[in-house]
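Numbering (my numbering), first residue to last: 32 to 415.
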Amino acid sequence: ETIVALRTSLDIDLPDGIVDWTTVIASPPIDLIVKVDADSTAYLPYSSGTTGTPKGVMMSHRGFNTMMRLIIDHWEREIYPMLNNPEEFEWRNERMMLNLPFYHAFGFGNLLWSLIVGSTGIVMEKFSRRPYLTAIQKYRPRMLLMVPPIVVFLTKQTMVSEYDLSSIECIVTAAAPLGKDLCEEFLARHPYVKYLTQAYGMTELGVLSHVPLLENRETNGAAGVVASYFEQKIVCPTTGDTLDIGEKGELCVKSPTVMSGYLGREEATKGAIDEGGWMHTGDIGYVDSLGRTFIVDRLKELIKVKGYQVPPAELEDLLLSHPGVADVAIIGIPDERNGELVRAYIVKKEDNLEEKDVVDFVSEMVSDYKHITGGVFFIDEIPK
Numbered sequence: 032e033t034i035v036a037l038r039t040s041l042d043i044d045l046p047d048g049i050v051d052w053t054t055v056i057a058s059p060p061i062d063l064i065v066k067v068d069a070d071s072t073a074y075l076p077y078s079s080g081t082t083g084t085p086k087g088v089m090m091s092h093r094g095f096n097t098m099m100r101l102i103i104d105h106w107e108r109e110i111y112p113m114l115n116n117p118e119e120f121e122w123r124n125e126r127m128m129l130n131l132p133f134y135h136a137f138g139f140g141n142l143l144w145s146l147i148v149g150s151t152g153i154v155m156e157k158f159s160r161r162p163y164l165t166a167i168q169k170y171r172p173r174m175l176l177m178v179p180p181i182v183v184f185l186t187k188q189t190m191v192s193e194y195d196l197s198s199i200e201c202i203v204t205a206a207a208p209l210g211k212d213l214c215e216e217f218l219a220r221h222p223y224v225k226y227l228t229q230a231y232g233m234t235e236l237g238v239l240s241h242v243p244l245l246e247n248r249e250t251n252g253a254a255g256v257v258a259s260y261f262e263q264k265i266v267c268p269t270t271g272d273t274l275d276i277g278e279k280g281e282l283c284v285k286s287p288t289v290m291s292g293y294l295g296r297e298e299a300t301k302g303a304i305d306e307g308g309w310m311h312t313g314d315i316g317y318v319d320s321l322g323r324t325f326i327v328d329r330l331k332e333l334i335k336v337k338g339y340q341v342p343p344a345e346l347e348d349l350l351l352s353h354p355g356v357a358d359v360a361i362i363g364i365p366d367e368r369n370g371e372l373v374r375a376y377i378v379k380k381e382d383n384l385e386e387k388d389v390v391d392f393v394s395e396m397v398s399d400y401k402h403i404t405g406g407v408f409f410i411d412e413i414p415k
C-alpha cells in the first residue's frame, strides 16, 4: 500500500511508502479493467424492513442500474413532457433539491439520478426549514421530491409565504401515504404547482416500485402505478390468497431490483421474500380498476380495538383537515379491556384548540371503534 501526500514547499525526502501527488499525476496512464459481478453487492443501506431493528440491505449493481434506468426513462417519458415548455427540456438545465438523507435509498437514489443525467443537485447538510425555502427561491427547481412531513410544513406554516416558490410545477412524494384533504389544502395555497402526486417504494425495492402519473392537478390519492420491471399482487395477510381488484390486503412485489437479502440475517430475509421471490412490503393497500395502487396503512401499525383494525393514517389525514391542527400523530396504547385505545398527539395551529374539539371532530366522522378514547396530548412538534 502507498500513501499519496500533498507536498509543501519544503524540500525534503519522503519516507518509504509515501509518494508525492505531483509524481502520481506525472505517471503514465494505466489500462485498468476491473471485472465486477453484476449481481454482487454495490450498496448497503440500512432499513428496519417491515418490522424490527435496522438491517443491512444488500443491493446489487444490476438491481441499482436497472432502477436508475427505470426512473430516468419514466421521468423523461411521463413527467417532464407535462410541465411548461416541454420542447425545451434538457436534463442539464434542471435543478434537484437533494435534502433527503443519502443513507436512505430515496435520498441516495436522487443523488445518483442527478449525477447520471447531469442535472444540478443542491445538497443540504440537513433539512432545515428556512435554508430549504431559501434554496428553492434561489435555485428555482421545477420539480421537488419529498416526504409527507415536508408537504405538511409547506401547507401549514406561515413562514412559507415569505419566500418565492413559484418555480415549482410538480411535487412527487413517497415514503408514506398523502391524505387527499392535505393535498387539496396544499394546492389551494400553492396555485402555481401544476401537479402534486405520489410514488411508492422502500429501501428493499431499490428506490421505488410504483411511479407517478400526472393525470390531472387534483390528486386521486393513488401511490402511482406499478413500474416497468415490476410485478405486483395484493394478498390476504392471514391466508396468503391473492385478492381481487378493490380488495385490501398486503402489497407484494417482484423485480430484479429487489434486494439480494439482509446482510447476515437469513431468517429475516426469508420473512421478507417468500419462496416465489415475492417481497412482502408490510403495507396494506388495494389496486383499482384502472391499475392504480392505493396504500392505506402499515400492516404492523394497525391499531386493534376490540378486534377491529384502526389505520392510524386514516385518522391523521382526517385531523389534518381540522383548521386548528398543524400536525398530528396517532398511536395505539395497551388497554386490558379493549386490546388497544386510540391516542392523538397534536401540534396546535390555533391556540384555543382543546381536547374536546379534537375528540368531537373525530367522533362525528368515523365509526365508534375509531374514536379517540386514549387521550389527546398537545405538543410543540411531532418527531420525524
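Note that CB positions come from ideal geometry on N, CA and C, so glycine has one too. Owing to the predicted nature of the structure, the values given are computational and were not obtained by experimental measurement.
May I have the straight-line CA-CA distance separating residue i from residue j, to the nearest angstrom?
i	j	result
T234	L45	46 Å
D47	T53	16 Å
E345	I61	60 Å
A253	V178	15 Å
P112	N141	20 Å
A97	W106	It should be pointed out that residue 97 corresponds to Thr in this sequence rather than to Ala. One C-alpha to the other measures close to 14 Å.
G308	K387	49 Å
P365	E371	5 Å
C201	S352	22 Å
S192	Y293	44 Å
E278	V397	20 Å
E416	I413	No answer is possible for residue 416: it lies beyond the span of the chain, which begins at 32 and ends at 415.
K66	T288	21 Å
P117	G271	45 Å
P208	T324	11 Å
F184	L236	28 Å
T189	A205	24 Å
G355	N383	8 Å
E381	Y134	36 Å
F139	I362	30 Å
T300	G149	36 Å
A69	P222	45 Å
L245	R108	11 Å
V182	L114	20 Å
K285	G232	12 Å
G322	S58	58 Å
P132	R173	21 Å
I334	R296	28 Å
I64	L101	27 Å
E125	V55	36 Å
F261	I410	42 Å
L350	E385	13 Å
E367	S78	32 Å
E306	P180	36 Å
M155	A258	29 Å
N369	Y163	44 Å
L20	C283	In the structure displayed, the chain extends from 32 to 415; residue 20 sits before or after that span and is not available.
Here's a check: name, in chain order, each residue in its chain whose Cβ is nearer than 8 Å to the Cβ of residue i, leaving out the five neighbours to either side.
i	result
P268	G280, E281, I315 and L330
V50	T33, I34, V35 and A36
I147	M99 and I103
V318	Q263, I265, I276, G277, T324 and F325
Residue i and residue j look like a contact to me (Cβ under 8 Å); what is the Cβ gap, rounded to whole Å?
i	j	result
V327	P342	6 Å
V407	V373	Between V373 and V407 the Cβ distance is about 10 Å, and since that is not below 8 Å, they are no contact.
R416	S198	Residue 416 lies beyond the stretch modelled for the chain, which goes from 32 to 415, so this question has no answer here.
Y194	T165	7 Å
M128	I153	5 Å
L143	Q168	That pair is no contact at about 26 Å.
F137	V238	6 Å
Bridge partners of residue i, per DSSP?
i	result
R374	I362
E281	V266 and I315
L129	V154
D328	I315
M113	According to DSSP, M113 bridges with nothing at all.
Y339	V336
M310	V284 and I304
H241	Y231 and V257
F409	I377
A36	D51
G322	G322 is not bridged to any residue.
Considering only residues of the same chain and omitting the five flanking positions on each side of residue i, which have a CB-CB separation below 6 Å?
i	result
F158	N130
S320	I276
I403	V373, A375, V390 and V393
L475	Given that the chain is displayed from residue 32 to residue 415, the structure contains no residue 475 and the question cannot be resolved.
V203	L176, T228, A230 and P243
A357	K187, V378 and K380
K211	G252
Give me, in chain order, the residues of the same chain whose beta-carbon lies closer than 7 Å to that of residue i; leave out the 5 immediate sequence neighbours on both sides.
i	result
A73	M90, S91, H92 and F95
R248	L218, K225 and Y226
G339	According to the sequence provided, residue 339 is Tyr. The question's Gly does not apply to it. These residues qualify, in order along the chain: Y400.
M290	V88, M89, M90 and E235
Is residue i near the ligand SAM, in the sense that its beta carbon is under 6 Å from a heavy atom of that ligand?
i	result
L213	Questions concerning the ligand SAM fall outside what the structure shown contains, since it holds no ligand whatsoever.
query: Considering only residues of the region 151 to 233, which uninterrupted alpha helix (DSSP H) runs meet the minimum length of 4 residues and lie entirely inside it, listed in chain order?
result: As far as the region 151 to 233 is concerned, its whole alpha helix (DSSP H) runs of at least 4 residues are 160 to 170, 179 to 187 and 211 to 220.
message: Extract the residue ranges of the beta strand (DSSP E) inside the region 51 to 92, only unbroken runs of 3 or more that lie entirely within it.
response: Scanning the region 51 to 92 for uninterrupted beta strand (DSSP E) segments of 3 residues or longer gives 72 to 74 and 86 to 91, listed from N- to C-terminal end.
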